[in-house]
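Asker: First to last, the protein sequences are chains A and B. Be aware that the first sequence starts at 1, since it is given in the numbering used here, and climbs by one per residue. Be aware that the second sequence starts at 1001, since it is given in the numbering used here, and climbs by one per residue. So that we are looking at the same thing, I have put the structure below in structure tokens.
2 protein chains.
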Amino acid sequence: MRQEEEIREADGLVEPGARATIDDVARIANVSTATVSRTLARPELVSEETRRRVMEVVESTGYRPNALARALRTRAAQAVIVLVPDFGNPFYTEIVRGMERRASASDYAVLMGNTESDPERERSYMRLLLDRRADGLLLLSGRLPEGCPADGPARPPIVFVSEDLPGCEVPLVRIDNPAAAEMAVRYLIDLGHRRIGHVAGPPGRILSPERHAGYRQALEAVQIPYDPALVVAADFTFKGGRAAARRLLDLPEPPTALFCANDESAMGALRAARDKGLRVPEDLSVIGFDDIQLAEISDPPLTTVRQPRAEMGAKAMDVLIRTIEGEALSGLDIVMPVELVVRGSTSSWRPR
Amino acid sequence: MRQEEEIREADGLVEPGARATIDDVARIANVSTATVSRTLARPELVSEETRRRVMEVVESTGYRPNALARALRTRAAQAVIVLVPDFGNPFYTEIVRGMERRASASDYAVLMGNTESDPERERSYMRLLLDRRADGLLLLSGRLPEGCPADGPARPPIVFVSEDLPGCEVPLVRIDNPAAAEMAVRYLIDLGHRRIGHVAGPPGRILSPERHAGYRQALEAVQIPYDPALVVAADFTFKGGRAAARRLLDLPEPPTALFCANDESAMGALRAARDKGLRVPEDLSVIGFDDIQLAEISDPPLTTVRQPRAEMGAKAMDVLIRTIEGEALSGLDIVMPVELVVRGSTSSWRPR
DNA sequence: TTGTATGCGTTATCAT
DNA sequence: ATGATAACGCATACAA
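Below is the structure:
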């Protein structure tokens, strides 16, 4: 304390190195702290003259309000937490980019948490929320962290992205997975394919049955009988996709086209084809889902379903911020449009 | 205010939904707030009996200290900022993982900022620091954000990782790039290669000349004359690597092996080889740098120099936290060991 | 339009 | 060993 006294104030200025507080500014500008606060937060309440004088001092002292003190007072941290299950996964990075964009537009800080689906880590990020260091939560994992009040007034502002938790009134930004999958498979059908395999997602993820449903829907729409042998579950990884595709290609009557539940497993399928000496797309068509960066540089480049990831992220952040700021958006369900991106991994097939 | 009064306290308990404060705990446990605070921070100063009683109430109320208030008082946010130039880049994710591990061990929150090398975004993260919402800065970009005091007492705790800013007394955690590059190239030489090309990094990054120096060093050690025509600068991307490698392979007397400044450009080189109908490693050996995940699943899998990324991240976080907590580690320069990972993209060559 | 005074939830200082 | 009490830096209700 004593030290502070010494540092401050030779003749009305603040010693460099010491941080100016609102009191410093007030004193130097010869107004009350209330006026300084008002000048910054609601300039219209302050006279032209005073405002000028205060702003001048703010400039010269380099004064920046202490966000902690402000948050304590206003009970708003101006920060949100984004919980990503695996941020090494390129699927998420683009979403987060969109989120950051929207957040910074409203001056919210983004605290990104990489949980690796580890309950312990989820809990540790939840703490930030309970600590009041963040105002809301963006969840990309389709599940609530342990220790998070699921409903009732104690539930903090939350928005789900891409995957949701069924039976939970949390706003959700997503795509229509069945419809998107159906579109992809129909494209293969339109190319002439009749025997179409599906490298599915892991059973634990809600996305898997949804995309599988779209696959099945597309077949049924054109009277192609559904053959369970043509569906092999993988786990959204390269390795899993490779193994699953291998099983499909080893079938006595192998598929001529593969619909993969995501791009990464589609990469695996591409490799499986090469392993077997099959050419893509001449001998086998492959279609993915997501349109991650890798899809463009793979060999051949991957035909896939593009999710508007950045827009989804921005939209989700928008909903979250509005929720934090008081709007009641509980049941919101926002469905974003997808797009089929045709590249080199698919080609037409003459039915035999 | 009035509302709060109503919510609290029927017969000594806190209404669910309302958050317990230290006052609630104190009142219910029949002690002062000071005692509650002590019980939590320095239990040894409190009598057995009191401690038990307080802890009981803490449990039953679910009391958690408000981190903001604490930070305001103690002037320590228990949070650090990690600035990543591009978190879509797999090179960084593993480093950040290591950082998170070390941070959570000391109960620090990690605020990850994705700057995309945009000064505006850098500035916005710097604000968090000046706002007192974070205690220190971890920089992976080899440059200070604009508006960051580079030296003097006003400089916040900072640690550089992987790349540093020459002429700056900031602690640094890194590898020995020239030595690592030399090791890689020597490996190629030992395999019998004599004509070795270098897909270099962009001139703007300090890593580029360092790895180039190692390349040159290895050649000179065995009297292979340095040929500038065998060095083409790329930009650490797939596309750049592909173009650079193409130029090298189009040379009248093309190299039999390529040392690429990072894995991503090595992937591009692999593709360039395939574009030309060259087999790897039979016709061309390729070696990368970093050992990102992709290196393992590429076709063929990539021989590369592994950086201990997670360890580097953890170490850097360790240094940062210790700096924050008062140790004077200014000039520190920590060099981590690398390792050559031999996979399928390299093979021996009979000199002609 | 401006100032005074109080409180946000802690921790630290000083008594007791 | 414990309790009063004063900051921490800001925002706001209320008074002027």
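Don't be surprised by glycine CBs; every beta carbon is placed ideally from N, CA and C.
(1) Count the other CB atoms, across all protein chains shown, that sit within 10 Å of the CB of A41 (chain A); report buried if there are 16 or more and exposed otherwise.
(2) Name the chain A residues that come within less than 9 Å of G1240 (chain B), Cβ to Cβ?
(3) For the alpha helix (DSSP H) that G1241 (chain B) lies in, which residues bound it at each end?
(4) Is there at least one Cβ from chain B nearer than 8 Å to S60 (chain A)'s Cβ?
(5) How far does the alpha helix (DSSP H) with E1264 (chain B) in it reach, from first residue to last?
(6) Restricting to Cα atoms, I'd like to know which of B:E1325, B:V1335 and B:L1340 is closest to T1074 (chain B).
(7) Quick one: is G240 (chain A) buried, meaning 16 or more other Cβ sit within 10 Å of its Cβ, or exposed?
(8) Against chain B, with Cβ distances strictly below 8 Å, would P119 (chain A) count as a contact?
(9) Strictly under 8 Å for the Cβ-Cβ distance: is F1236 (chain B) near chain A by that measure?
(10) Listing by chain order, which chain B residues have their CB less than 9 Å from the CB of P90 (chain A)?
(11) As an exercise, report each continuous alpha helix (DSSP H) stretch of at least 4 residues that is fully enclosed by the stretch 42-66 of chain A, in chain order.
(12) Just how far apart, CA to CA, sit V1185 (chain B) and M267 (chain A)?
(13) Please report how far the alpha carbon of E1146 (chain B) lies from the alpha carbon of L1191 (chain B), in whole angstroms.
(14) Check the C-beta distance from D1131 (chain B) over to A218 (chain A) and give it rounded, since I have them as a contact under 8 Å.
(15) Give the residues from the stretch 1100-1111 of chain B that approach chain A closer than 7 Å (Cβ to any Cβ), ordered along the chain.
(16) Can you give me the C-alpha to C-alpha distance between L1230 (chain B) and S1285 (chain B), rounded to a whole angstrom?
(17) Counting along the chain, where does the alpha helix (DSSP H) carrying T303 (chain A) start and finish?
(18) Hey, is the stretch 1212-1226 of chain B in contact with the stretch 1174-1184 of chain B, meaning 3+ C-beta pairs nearer than 8 Å?
(19) Does the CB of S1124 (chain B) have a neighbour CB from chain A at under 8 Å?
(20) Where does E4 (chain A) fall in DSSP's three states?
(21) List the residues of chain A that N983 (chain B) touches, going by C-beta distances under 9 Å, in chain order.
(22) Do you know how far the Cα of R1133 (chain B) is from the Cα of S104 (chain A)?
(23) Is the separation between the beta-carbon of V159 (chain A) and that of L138 (chain A) shorter than 8 Å?
(24) Check for me: the alpha helix (DSSP H) holding G313 (chain A) runs from which residue to which?
(25) Going by beta-carbon coordinates alone, are A316 (chain A) and V161 (chain A) separated by less than 8 Å?
(26) Would a check of beta-carbon distances place N1030 (chain B) closer than 8 Å to chain A?
(27) Pick out whichever of B:G1331, B:S1345 and B:S1348 has its Cα sitting closest to the Cα of D1151 (chain B).
(28) Determine the closest residue to R1322 (chain B) out of B:E1059, B:A1079 and B:R1027, with distance taken between C-alpha atoms.
(29) Does any CB atom of chain B fall closer than 8 Å to the CB of A69 (chain A)?
(30) Which residues bound the alpha helix (DSSP H) around V1025 (chain B)?
(31) Using beta carbons (cut-off 8 Å, strictly below), is T1050 (chain B) in contact with chain A?
(32) If you count every other CB in all the chains shown that lies within 10 Å of the CB of R1242 (chain B), and 16 or more means buried, which is it?
(33) Please report the Cβ distance between F91 (chain A) and D290 (chain A), rounded to the nearest whole angstrom; I am assuming they are in contact, meaning their Cβ atoms lie under 8 Å.
(34) Hey, quick one: how far does the alpha helix (DSSP H) through V96 (chain A) stretch, first residue to last?
(35) Please look up how many angstroms separate the CB atoms of T1039 (chain B) and I1022 (chain B), rounded, as I've assumed it's under 8 Å.
(36) Mark G167 (chain A) as exposed unless 16 or more other C-beta atoms lie within 10 angstroms of its C-beta, in which case mark it buried.
Answerer: In brief:
(1) Locating residue 41 (chain A) in the first sequence gives position 41, where the first residue counts as 1. A41 (chain A) should be labelled exposed.
(2) Taking the first residue of the second sequence as position 1, residue 1240 (chain B) is located at position 240. Here the premise fails: no neighbours, minimum Cβ distance about 12 Å.
(3) If you number the second sequence from 1, residue 1241 (chain B) lands on position 241. It spans F1238 to L1249 - the alpha helix (DSSP H) in which G1241 (chain B) sits, taken as one unbroken run.
(4) Looking up residue 60 (chain A) in the first sequence gives position 60. Chain B, which has no Cβ nearer than 8 Å to the Cβ of S60 (chain A), makes this no.
(5) In the second sequence, the residue the question calls residue 1264 (chain B) occupies position 264. E1264 (chain B) -> alpha helix (DSSP H) spans D1263 to D1275.
(6) Within the second sequence, the letter at position 74 stands for residue 1074 (chain B). Looking at the Cα atoms, B:E1325 is the closest of the given residues.
(7) The residue given as residue 240 (chain A) occupies position 240 in the first sequence. G240 (chain A) comes out buried.
(8) Indexing the first sequence from 1 puts residue 119 (chain A) at position 119. It does not: the Cβ of P119 (chain A) has no partner Cβ on chain B nearer than 8 Å.
(9) Here residue 1236 (chain B) corresponds to residue number 236 of the second sequence, with the count starting at 1. Output row for F1236 (chain B): interface = no.
(10) Here residue 90 (chain A) refers to the residue found at position 90 when the first sequence is read from its first residue. Under the 9 Å cutoff, chain B gives G1088 and P1090.
(11) 48-61
(12) For the purposes of this step, residue 1185 (chain B) is identified with residue 185 of the second sequence, where counting begins at 1. For the purposes of this step, residue 267 (chain A) is identified with residue 267 of the first sequence, where counting begins at 1. Cα to Cα, V1185 (chain B) sits roughly 31 Å from M267 (chain A).
(13) Reading the second sequence from its first residue, position 146 is the one you call residue 1146 (chain B). Reading the second sequence from its first residue, position 191 is the one you call residue 1191 (chain B). Rounded to whole angstroms, E1146 (chain B) to L1191 (chain B) spans 47 Å at the Cα level.
(14) Counting from 1 along the second sequence, the entry for residue 1131 (chain B) is found at position 131. Counting from 1 along the first sequence, the entry for residue 218 (chain A) is found at position 218. Actually they do not touch by this definition, with Cβ atoms about 52 Å apart.
(15) E1100, S1104, A1109 and L1111
(16) Taking the first residue of the second sequence as position 1, residue 1230 (chain B) is located at position 230. Taking the first residue of the second sequence as position 1, residue 1285 (chain B) is located at position 285. Roughly 14 Å separates the two Cα atoms.
(17) Reading the first sequence from its first residue, position 303 is the one you call residue 303 (chain A). Here T303 (chain A) belongs to no alpha helix (DSSP H); instead the beta strand (DSSP E) covers T303 to R306.
(18) yes
(19) The residue you call residue 1124 (chain B) lines up with position 124 of the second sequence. So yes, S1124 (chain B) belongs to the interface.
(20) The residue you call residue 4 (chain A) lines up with position 4 of the first sequence. The predicted position of E4 (chain A) is uncertain, since its pLDDT is 33 and thus under 50; no value can be drawn from it.
(21) Because chain B spans 1001 through 1352 in this model, residue 983 (chain B) falls outside it and cannot be assessed.
(22) Against the first sequence, residue 104 (chain A) aligns to sequence position 104. Against the second sequence, residue 1133 (chain B) aligns to sequence position 133. For S104 (chain A) and R1133 (chain B), the distance between alpha carbons rounds to 16 Å.
(23) Position 159 of the first sequence, counted from the first residue, corresponds to residue 159 (chain A). Position 138 of the first sequence, counted from the first residue, corresponds to residue 138 (chain A). Yes. Within cutoff.
(24) Here residue 313 (chain A) is taken as the residue at index 313 of the first sequence, counted from 1. R309 to I324 is the extent of the alpha helix (DSSP H) around G313 (chain A).
(25) By 1-based counting over the first sequence, the position of residue 316 (chain A) is 316. By 1-based counting over the first sequence, the position of residue 161 (chain A) is 161. Taking 8 Å as the Cβ cut-off, A316 (chain A) and V161 (chain A) qualify as a contacting pair.
(26) Counting from one through the second sequence, the residue named residue 1030 (chain B) turns up at place 30. Not an interface residue.
(27) What you label residue 1151 (chain B) is simply residue 151 of the second sequence in a count that begins at 1. When only C-alpha atoms are compared, the closest one is B:G1331.
(28) Numbered from 1 along the second sequence, position 322 holds the residue referred to as residue 1322 (chain B). R1322 (chain B) has its Cα closest to that of B:A1079, out of B:E1059, B:A1079 and B:R1027.
(29) Your numbering for residue 69 (chain A) matches position 69 in the first sequence. True, the Cβ-Cβ gap to chain B drops below 8 Å.
(30) Residue 1025 (chain B) sits at position 25 when you count from the first residue of the second sequence. Counting along the chain, the alpha helix (DSSP H) containing V1025 (chain B) begins and ends at I1022 to A1029.
(31) Locating residue 1050 (chain B) in the second sequence gives position 50, where the first residue counts as 1. T1050 (chain B) does not count as touching chain A.
(32) What you label residue 1242 (chain B) is simply residue 242 of the second sequence in a count that begins at 1. Buried.
(33) Here the question's residue 91 (chain A) lines up with position 91 in the first sequence. Here the question's residue 290 (chain A) lines up with position 290 in the first sequence. Indeed, because the Cβ distance is near 5 Å, the residues count as touching under 8 Å.
(34) As a first step, residue 96 (chain A) is located in the first sequence; it is residue number 96 there, counting from the start. P90 to A105 is the extent of the alpha helix (DSSP H) around V96 (chain A).
(35) On the second sequence, residue 1039 (chain B) is found 39 positions in, with the first residue counted as 1. On the second sequence, residue 1022 (chain B) is found 22 positions in, with the first residue counted as 1. Going by Cβ atoms, the distance from T1039 (chain B) to I1022 (chain B) rounds to 10 Å, so no, they are not a contact pair.
(36) Residue mapping note: residue 167 (chain A) aligns to position 167 of the first sequence, counting from 1. Classification of G167 (chain A): exposed, given that the 10 Å Cβ count is below 16.
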